[in-house]
Amino acid sequence: MGGELLRAEAIESGYGRVQVLWQAELAVAEGQTVVLLGANGAGKTTLLKVLLGLMPAWRGTIRFAGADITAERTDRRVRRGIAYMSETAVFAGLSIAENLRIGGQFCEPAALARRIEALYGVFPDLAGRRRSLAGSLSGGQRKMLGIAKALAGSPRLLVMDEPSAGLSPLFVSEVIAVLGRFRAEGLSLLVAEQNVQFLDLADHVFTIEGGRTRFSGTVAALSADDHLRRAYFGLAGEED
Ligand code: ATP
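The sequence shown begins at 227 in the working numbering and counts up by one.
Next up, the structure:
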């Protein structure tokens, strides 16, 4: 594992005058997979948006690869190598190929073309339907396209907002398997989730409750904490 890639410290933000994040923190080391675990409304999406510059940080600092990016525009953060996959990750009215080109819009064209061909190798369902509209894909295929689109720009860090949303358990396992493959190639991942299956991928976990970071540590340490185990694993931990 390399040095530190991303660090967000003491982040405060919200909507209008309504504060949602309080002293929230996150860190991702090079090559690491970090899961941001939290219930509905805990503030995961808000924190990811602040990391990408889609919402301003009222207070706090964000550093990426050694640079202070707290006040930078979103496109500059993307050029630095942060890719964002939102819950609605693809443009339904555009083709698969067009979605991938948008994902890599800041790349040099020849490198992008090579990257997209490589991604078609990983996602054969997409390769067979390059000219089809993204809107014609199943929910699971759309999620795969969302991942491929985010990776088209060859990011250093892939930030994902609830990749499990709307997927059947079978597709959730497929998404985890695909992410595991890129993780093995050294991609750094930050995944906001409430589905604990994603902890299988995690080198480090942050939990967020009521807009505050509550826990930072390994999956083993998370499972050893009674309160957190009850909150995220239900009663399963007591049956061990
Ligand atoms: P989810 O799993 O539902 O996406 P989350 O952990 O991502 O949950 P956020 O979407 O970040 O949570 O929401 C955190 C808080 O901010 C919630 O109380 C929510 O009601 C509030 N909130 C979210 N979006 C807005 C908005 N556009 N305007 C006002 N409040 C908002």
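Note that the Cβ used here is the ideal one computed from N, Cα and C, for glycine as well. Small disclaimer: the values here were computed from a predicted structure and weren't measured.
**OP:** Give the single residue among Val431, Ala403 and Leu274 whose Cα lies nearest to the Cα of Ala309.
**Re:** Position 83 of the sequence shown, counted from the start, is the residue given in the question as residue 309. Considering only alpha carbons, the answer is Leu274.
**OP:** Assuming Val404 contacts Ser390 (C-beta within less than 8 Å), just tell me the rounded distance between them.
**Re:** By 1-based counting over the sequence shown, the position of residue 404 is 178. By 1-based counting over the sequence shown, the position of residue 390 is 164. At roughly 13 Å, the Cβ-Cβ gap does not stay under 8 Å, so Val404 and Ser390 are not in contact.
Subject >> C-beta contact flag for Ala446 and Leu262 at 8 Å >> reply: To locate residue 446, count along the sequence shown from 1; it is residue 220. To locate residue 262, count along the sequence shown from 1; it is residue 36. Not in contact: Ala446 and Leu262 (Cβ atoms no closer than 8 Å).
Original post:
Can you tell me whether His453 is buried or exposed, with buried defined as 16 or more other CB within 10 angstroms of its CB?
Top reply: What you label residue 453 is simply residue 227 of the sequence shown in a count that begins at 1. Exposed, because fewer than 16 other Cβ atoms sit within 10 Å of the Cβ of His453.
Original post:
Below 8 Å between beta carbons: does that hold for Arg382 and Gly307?
Top reply: Against the sequence shown, residue 382 aligns to sequence position 156. Against the sequence shown, residue 307 aligns to sequence position 81. Going by C-beta atoms, Arg382 is nearer than 8 Å to Gly307.
Subject >> Strand pairing of Val431, partner residues [DSSP] >> reply: Looking up residue 431 in the sequence shown gives position 205. Partner(s): Val261 and Gly443.
**OP:** Use the C-beta contact count for Glu388: other C-beta atoms within 10 angstroms, 16 or more gives buried, fewer gives exposed.
**Re:** Residue mapping note: residue 388 aligns to position 162 of the sequence shown, counting from 1. With 16 or more other Cβ atoms inside 10 Å of its own Cβ, Glu388 counts as buried.
Original post:
Can Glu343 be considered in contact with ligand 1, in the sense that its beta carbon sits closer than 7 Å to one or more heavy atoms?
Top reply: Position 117 of the sequence shown holds residue 343. For Glu343, the shortest separation between its Cβ and any heavy atom of ligand 1 does not lie below 7 Å.
Subject >> Where Ala318 sits in the DSSP three-state scheme >> reply: Taking the sequence shown and counting its residues from 1, one reaches residue 318 at position 92. It is coil, neither helix nor strand.
Subject >> Heavy atom of ligand 1 within 7 Å of Lys375 beta-carbon >> reply: Taking the first residue of the sequence shown as position 1, residue 375 is located at position 149. Using a cutoff of 7 Å, the CB of Lys375 does not count as near ligand 1, since none of the ligand's heavy atoms is closer than that.
**OP:** State the start and end residues of the unbroken beta strand (DSSP E) segment that holds Thr287.
**Re:** Here residue 287 refers to the residue found at position 61 of the sequence shown. For Thr287, the uninterrupted beta strand (DSSP E) run begins and ends at Arg285 to Phe290, by DSSP.
Original post:
Within the chosen definition, does the stretch 227-237 reach the stretch 249-256 through at least 3 CB pairs nearer than 8 Å?
Top reply: Proximity of the stretch 227-237 to the stretch 249-256 meets the contact definition, three or more beta-carbon pairs being nearer than 8 Å.
**OP:** Name the two residues that bound the continuous beta strand (DSSP E) containing Ile308.
**Re:** The residue you call residue 308 lines up with position 82 of the sequence shown. From DSSP, the beta strand (DSSP E) with Ile308 extends over Ile308 to Met311.
Subject >> Where Gly412 sits in the DSSP three-state scheme >> reply: If you number the sequence shown from 1, residue 412 lands on position 186. Looking at Gly412 - three-state DSSP - the assignment turns out to be coil, as it is neither helix nor strand.
Subject >> Secondary structure, alpha helix (DSSP H): runs of 4+ residues fully inside the stretch 333-405 >> reply: Qualifying alpha helix (DSSP H) stretches, in chain order: 335-348, 350-353 and 365-377.
Original post:
In terms of DSSP beta bridges, what is Arg455 paired with?
Top reply: Along the sequence shown, one-based indexing puts residue 455 at 229. Arg455 is not bridged to any residue.
Subject >> Residues near Phe424 by beta carbon distance below 6 Å, same chain, minus five either side >> reply: Indexing the sequence shown from 1 puts residue 424 at position 198. Annotation for Phe424: Val261 and Val417 place their beta carbon closer than 6 Å to its own, counting only its chain and skipping 5 residues before and after.
Subject >> Heavy atom of ligand 1 within 7 Å of Val244 beta-carbon >> reply: By 1-based counting over the sequence shown, the position of residue 244 is 18. Result yes, Cβ under 7 Å from ligand 1.
**OP:** Can you tell me which of the three DSSP states Arg184 falls into?
**Re:** Look at the range of the chain in this structure, 227 to 466, and you will see that residue 184 is not part of it.
**OP:** Throw me the rounded Cβ distance for the Leu359 and Gly319 pair, which I believe falls under 8 Å.
**Re:** On the sequence shown, position 133 is the one that residue 359 refers to. On the sequence shown, position 93 is the one that residue 319 refers to. Going by Cβ atoms, the distance from Leu359 to Gly319 rounds to 7 Å, so yes, they are a contact pair.
Original post:
Can you tell me whether Ser239 is buried or exposed, with buried defined as 16 or more other CB within 10 angstroms of its CB?
Top reply: Position 13 of the sequence shown, counted from the start, is the residue given in the question as residue 239. So Ser239 ends up on the buried side.
Subject >> Helix, strand or coil at Glu298 [DSSP, three-state] >> reply: For the purposes of this step, residue 298 is taken as residue 72 along the sequence shown, with counting starting at 1. Note: Glu298 maps to coil in three-state DSSP.
Original post:
Considering Val276, what are the terminal residues of the alpha helix (DSSP H) in which it resides?
Top reply: Taking the first residue of the sequence shown as 1, we reach residue 276 at position 50. For Val276, the enclosing alpha helix (DSSP H) stretches over residues Lys270 to Leu278.
**OP:** Check whether the Cβ atoms of Val422 and Phe397 sit closer than 8 Å, and answer yes or no.
**Re:** Taking the sequence shown and counting its residues from 1, the one referred to as residue 422 is at position 196. Taking the sequence shown and counting its residues from 1, the one referred to as residue 397 is at position 171. Going by C-beta atoms, Val422 is not nearer than 8 Å to Phe397.
Original post:
In angstroms, rounded to a whole number, what distance separates the CA positions of Ala336 and Leu326?
Top reply: For the purposes of this step, residue 336 is identified with residue 110 of the sequence shown, where counting begins at 1. For the purposes of this step, residue 326 is identified with residue 100 of the sequence shown, where counting begins at 1. When rounded, the distance between both Cα atoms is 14 Å.
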